């Protein structure tokens, strides 16, 4: 039997991390943590004003997510985080070496359309270009899978579960 994994659902804003994360956690039978909840208020205020975060803003946020993931090692869990750059994922792995990533990917037009329809979120559509500019997709040596976000949340979740099941089991 496979040890429950800690999964980071990653991708640019609007790919559905907050929708797919809880669905994936439910399918895997593990808790879900919303990555946005780990942001300090200053980060949320900055993004709400349409100002992209810089690395100095992100380090404490990533450290908090990494701490949560470390605490879930061997127990499993799902957490959302944009984790756009390799250096951000490296920082998360430094705290929780066995985490795996589910990179939600999709066409920019589809993602922008979804962002314009969502309500009550602090991330404005205006920051989508900066998200795509910063994105460094998973590299072959990074543990994880890319999952297309077309279709329903249930279809996306099912693709993610199948892709995770196909990953080699990490050595304990």
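In this note's numbering, the protein residues as written are 108 to 279.
C-beta atoms are modelled at their ideal positions from N, C-alpha and C, and glycine is treated no differently.
All of these numbers come straight from a predicted model, not from anything done at the bench.
query                                                                                     : result
As assigned by DSSP and simplified to three states, the class of residue 281              : Because residue 281 is not part of the residues shown, which for the chain are 108 to 279, the question remains open.
Rounded C-alpha distance that separates residue 263 from residue 159                      : 28 Å
Local conformation of residue 181 per DSSP, three classes                                 : coil
Distance cut-off 6 Å: residue 126 Cβ against heavy atoms of the ligand PLP                : The ligand PLP is not part of the structure shown, which contains no ligands of any sort.
Burial state of residue 129, where buried means 16 or more other Cβ atoms lie within 10 Å : buried
CA-to-CA distance, residue 183 to residue 146, given in whole angstroms                   : 22 Å
With 16 other Cβ atoms within 10 Å as the buried cut-off, status of residue 142           : buried
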